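Student: I am attaching a structure below and will ask some questions about it afterwards.
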Amino acid sequence: MRRRPGIGGLQNAAAARNDIRKNPAFRSQFHEMCAKVGVDPLASNKGFWAELLGIGDFYYELGVQIVDICLATRPHNGGLISLEELCKMLGQRRKGTREAISQDDCLRAISKLKVLGNGFEVISLGKKKLVRSVPTELNKDHNEILELAQGQGFVTVDEVQRRLSGSSGRATDALETLLEEGLAMIDNGHKDGRSRYWFPCVSSVSSYSASDAI
1 MRRRPGIGGL
11 QNAAAARNDI
21 RKNPAFRSQF
31 HEMCAKVGVD
41 PLASNKGFWA
51 ELLGIGDFYY
61 ELGVQIVDIC
71 LATRPHNGGL
81 ISLEELCKML
91 GQRRKGTREA
101 ISQDDCLRAI
111 SKLKVLGNGF
121 EVISLGKKKL
131 VRSVPTELNK
141 DHNEILELAQ
151 GQGFVTVDEV
161 QRRLSGSSGR
171 ATDALETLLE
181 EGLAMIDNGH
191 KDGRSRYWFP
201 CVSSVSSYSA
211 SDAI
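Numbers 1 to 214, taken from full-length UniProt numbering, label the letters of the sequence shown in order.
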């Protein structure tokens, strides 16, 4: 894990900040990232540069790449991706660079993306961490379902009903919400007649190919 910059590091970062703000390529990259997440770059600049002062260009670069990967995989996973898979994709995208990417690096970069709004936070489900890149609010029932799905990649209404200790209507409502938000996919092609709700964000069976996001 990288250490936080000391006084000298902050002074160097401040000088570097002035240089990179004058760099057309950097400005273009920043404005492009803001456009992707629907944020006004002028409104975000003050907070963004304050964050950048403390994290340096390395974490800004990671942040841009994290945004790209989250947006590229969103049609598949609905805006939830496991931290492990995200780091793997980052590693593939950054092949040839000298610095290895750790989960701590990813977490730190993600924490700085909050200045852009529109999601971008880490959710813990048991021992697993998911990165959310959409403003969808998940309640306790949704989190319980996602945690349950980690075992086999999918859940059924009966399994959710037992987990929530409630009615089938409550289970169905929660599942339908996740389906509508694009976080789940439904499979009705089983002989037992029971629908399977698959969750790509926790399923290794239907895992998104990293090469598709690079």
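Glycine included, every Cβ here is placed at the ideal spot set by N, Cα and C.
The structure displayed is predicted, hence computed values, not measured ones.
Can you list, in chain order, the residues of its chain with a C-beta nearer than 8 Å to that of Gly156? Leave out the 5 residues immediately preceding and following it.
Tutor: Sequence check: residue 156 is Thr here, not Gly. Contacts found: Arg194, Ser195, Arg196, Tyr197.
Student: Output the distance between the C-alpha atoms of Ser124 and Asp105, rounded to the nearest integer angstrom.
Tutor: If you take the alpha carbons of Ser124 and Asp105, they lie about 17 Å apart.
Student: Determine the burial state of Thr73: buried for a count of at least 16 other Cβ atoms within 10 Å of its Cβ, exposed for fewer.
Tutor: Classification for Thr73: buried.
Student: If you follow the beta strand (DSSP E) that Glu121 is part of, which residue opens it and which one closes it?
Tutor: From DSSP, the beta strand (DSSP E) with Glu121 extends over 121-125.
Student: So for Leu138, helix, strand or coil by DSSP?
Tutor: Three-state DSSP puts Leu138 in coil, outside helix and strand.
Student: For the region 143-156 against the region 83-99, are there 3 or more C-beta pairs whose distance is under 8 Å?
Tutor: Taking 8 Å as the limit for Cβ pairs, the verdict is that the region 83-99 does not touch the region 143-156.
Student: Indicate the three-state DSSP secondary structure (helix, strand or coil) for Phe154 in the structure shown.
Tutor: Looking at Phe154 - three-state DSSP - the assignment turns out to be strand.
Student: Taking the straight line between their C-alpha atoms, what separation do you get for residue 216 and Ser167?
Tutor: The requested residue 216 is not part of the displayed model; the chain covers only 1 to 214.
Student: Measuring alpha carbon to alpha carbon, tell me which of Ile186, Leu62, Val202 ends up nearest Ser102.
Tutor: When only C-alpha atoms are compared, the closest one is Leu62.
Student: Since Ser82 contacts Cys201 with CB under 8 Å, what's their CB separation in whole angstroms?
Tutor: That pair is a contact at about 6 Å.
Student: Tell me the DSSP secondary structure of Ala210 in three-state form.
Tutor: Only weak support is given to the placement of Ala210: the predicted model assigns it a pLDDT of 42, under 50, and the value that follows is read from those uncertain coordinates. Three-state result, Ala210: helix.
Student: Less than 9 Å between the C-beta atoms of Asp78 and Leu178, yes or no?
Tutor: Reading off the sequence, residue 78 comes out as Gly, not Asp. Yes, Cβ-Cβ distance for Gly78 and Leu178 is below 9 Å.
Student: Could you tell me the alpha carbon to alpha carbon distance between Val160 and Leu138, rounded to whole angstroms?
Tutor: Roughly 16 Å separates the two Cα atoms.
Student: Ile66 and Ala109 look like a contact to me (Cβ under 8 Å); what is the Cβ gap, rounded to whole Å?
Tutor: Right, the Cβ-Cβ distance comes to about 6 Å (below 8 Å), so this counts as a contact.
Student: Please go through the region 50-117 and give each complete beta strand (DSSP E) segment of 3 or more residues, from N-terminal end onward.
Tutor: Whole beta strand (DSSP E) segments, 3+ residues: 80-82.
Student: Is any heavy atom of the ligand NAP found at a distance shorter than 8 Å from the C-beta of Glu159?
Tutor: For the structure depicted, the ligand NAP is absent and the ligand set is empty, with no information on it obtainable.
Student: Within 10 angstroms of its Cβ, does residue 226 collect 16 or more other Cβ (buried), or is it exposed?
Tutor: Only positions 1 to 214 of the chain appear in this structure, which leaves residue 226 out of reach.
Student: Which residues mark the beginning and the end of the beta strand (DSSP E) in which Leu130 is found?
Tutor: That run of the beta strand (DSSP E) goes 128-132.
Student: Can you give, in chain order, each stretch of the beta strand (DSSP E) that sits fully within the region 169-201 and has at least 3 residues?
Tutor: Listed in chain order, they are 185-187, 196-198.
Student: Using a 10 Å radius around the Cβ and a threshold of 16 neighbouring Cβ atoms, would you call His190 buried or exposed?
Tutor: So His190 counts as exposed.
Student: May I have the straight-line CA-CA distance separating Pro75 from Ile69, to the nearest angstrom?
Tutor: Between Pro75 and Ile69, the C-alpha separation is close to 11 Å.
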